[in-house]
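The structure under discussion appears below in the form of structure tokens.
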Ligand code: ADE
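In the working numbering, the protein residues as written are 87 to 456.
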């Protein structure tokens with residue numbers, strides 16, 4: 087039988103084992119918001135892996151319970167998360183409150199990532215960036231950088247792991263609405279110290295490479311589960327403790343059943359992250375996620391700049407890309423990553439590296455330069 091993609095997502099079952107009692111969940115400050123949904127901080131008693139103790143979580147919900155498209159997107163995200171299973175470099179599902187789903191109350195509970203999204207984090211730490219490249223774009227030998235190098239992983243030893251988020255100001259998204267209720271002013275009262283600690287952290291070329299590797303791993307896991315992300319960008323990657331990054335936001339994700347390509351027709355699209363075949367023929371695949379990964383690398387090594395600076399989203403950008411225009415290697419990116427970006431942006435999807443190859447390439451580069 088032939089089913090449409092939407093019908094196929096419907097067929098993914100909901101496993102009651104994920105149900106979490108609503109009375110054990112309290113909701114807190116808003117962490118982020120998109121055009122359909124919002125994410126708030128929460129506390130869950132006795133959720134997955136925490137026995138009877140309180141665990142800080144992130145809770146995803148729709149903005150308006152009467153918005154059918156928004157509800158469908160959230161239900162589809164839950165099904166994708168259940169199908170995915172868990173991986174270190176993916177924001178994992180912890181539970182869901184679905185009991186009042188007919189009244190439109192659906193809450194998806196996922197891991198809380200204390201440092202928020204990478205795009206905002208990169209921008210905030212731009213001024214303390216430690217560049218470990220020589221003038222030719224190659225990694226300096228370790229001996230020359232020892233005094234400079236803070237550490238590959240952020241130092242979190244002095245910080246309470248359940249402390250207040252560093253990310254109460256989500257990045258302005260290129261196409262999502264950001265106007266919504268902000269955190270009340272008193273919310274972070276008394277927690278200034280913790281935020282300052284994280285603000286003082288430095289990031290170096292090593293961190294950027296480590297993050298790119300971890301994102302490739304998370305995406306390789308997705309691809310192995312035949313899940314297409316559809317919105318891979320720095321704003322959708324979250325930074326957790328110990329320098330771990332996690333791919334998040336499966337609102338646009340799809341389970342691929344047949345040949346691994348599918349057509350999408352909905353309205354809002356992250357144009358600057360989209361592959362050429364997605365822009366021209368609305369074709370999406372893991373190989374179009376690879377193109378987005380290339381744009382994400384560009385975001386990493388520019389420390390959170392908006393791609394295609396100075397170019398408006400629209401016909402002109404698409405025309406330029408069709409005629410072969412691509413972004414240059416950012417100044418702070420090792421030459422090696424310039425080559426990777428160019429390969430991710432090959433016109434022919436089959437000629438781009440796979441996530442498995444990207445993971446391997448970045449790994450061997452890390453081994454040879456550390
Ligand atoms: N913002 C959106 N999702 C989040 C999460 N899981 N943890 C922290 N901040 C977030």
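Where is the CB? At the ideal position from N, CA and C, for every residue including glycine. Keep in mind that this is a model prediction, so the values were computed, not measured.
- For residue 289, the closest of 377, 207 and 182 by C-alpha to C-alpha distance is 207.
- At least 8 Å separates the beta-carbon of residue 441 from that of residue 383.
- Out of 136, 390 and 325, the CA that lies nearest to the CA of residue 177 is found in 325.
- Residue 291 places its beta carbon less than 8 Å from that of residue 418.
- Partner residues in the beta bridge of residue 181, as assigned by DSSP, are 195.
- The straight-line gap separating the alpha-carbon atoms of residue 135 and residue 181 is approximately 11 Å.
- Cβ contact annotation for residue 150 (same chain, cutoff 7 Å, sequence separation greater than five): 156, in chain order.
- Taking all protein chains shown into account, residue 227 has fewer than 16 neighbouring C-beta atoms within 10 Å of its C-beta and is therefore exposed.
- Remark: fewer than three beta-carbon pairs, one from each stretch, lie closer than 8 Å, so the segment 99-112 and the segment 317-324 are not flagged as touching.
- Taking a cut-off of 8 Å for Cβ pairs, the segment 384-396 and the segment 329-342 do not touch, as fewer than three such pairs fall below it.
- Around the beta carbon of residue 372, a 10 Å sphere encloses 16 or more other beta carbons of the protein chains shown; the residue is thus reported as buried.
- The nearest non-hydrogen atom of the ligand ADE is 7 Å or more from the C-beta of residue 304.
- For the options 141, 362, 367 and 165, the alpha carbon positioned closest to that of residue 408 is the one of 362.
- By the CB criterion at 8 Å, residue 312 and residue 358 fall outside the cutoff.
- Check the Cα spacing between residue 389 and each of 159, 142 and 209: the tightest is with 209.
- For residue 199, the number of other beta carbons within 10 angstroms of its own is at least 16, and it is reported as buried.
- Under DSSP, residue 111 shares a beta bridge with 130.
- Within 10 angstroms of the beta-carbon of residue 411 lie fewer than 16 other beta-carbons, which makes it exposed.
- Residue side-chain check: residue 130 keeps its Cβ at 7 Å or more from all non-hydrogen atoms of the ligand ADE.
- Going by beta carbons, residue 161 and residue 195 fall outside the 8 Å limit.
- Runs of the alpha helix (DSSP H) lying entirely within the segment 284-326 and spanning at least 4 residues, in chain order: 291-310.
- Here residue 455 has 225 as same chain residues with Cβ atoms under 6 Å from its own Cβ, once five neighbours each way along the sequence are excluded.
- Cβ atoms of residue 386 and residue 298 come within 8 Å of each other, at about 6 Å.
- The Cβ atoms of residue 139 and residue 128 lie no closer than 8 Å to each other.
- Set against 7 Å, the gap from the CB of residue 121 to the closest heavy atom of the ligand ADE is not smaller.
- The DSSP-derived three-state label of residue 105 is strand.
- DSSP places residue 442 in the uninterrupted alpha helix (DSSP H) bounded by 441-455.
- Contact check for residue 184 and residue 192: beta-carbon distance about 6 Å, within the 8 Å limit, so the pair qualifies.
- In the structure shown, the three-state DSSP call for residue 210 is helix.
- Distances from the CB of residue 118 to the heavy atoms of the ligand ADE include at least one below 7 Å.
- Secondary structure of residue 225 (DSSP, three-state): strand.
- Residue 159 holds the alpha-carbon nearest to the alpha-carbon of residue 121 among 106, 446, 159 and 133.
- Between residue 436 and the set 449, 453, 420 and 370, the nearest pair of CA atoms involves 370.
- For residue 144, the uninterrupted beta strand (DSSP E) segment begins and ends at 140-148.
- When only Cα atoms are considered, residue 287 and residue 211 end up about 7 Å apart.
- Judged by their CB atoms, residue 449 and residue 438 are not nearer to each other than the 8 Å cut-off.
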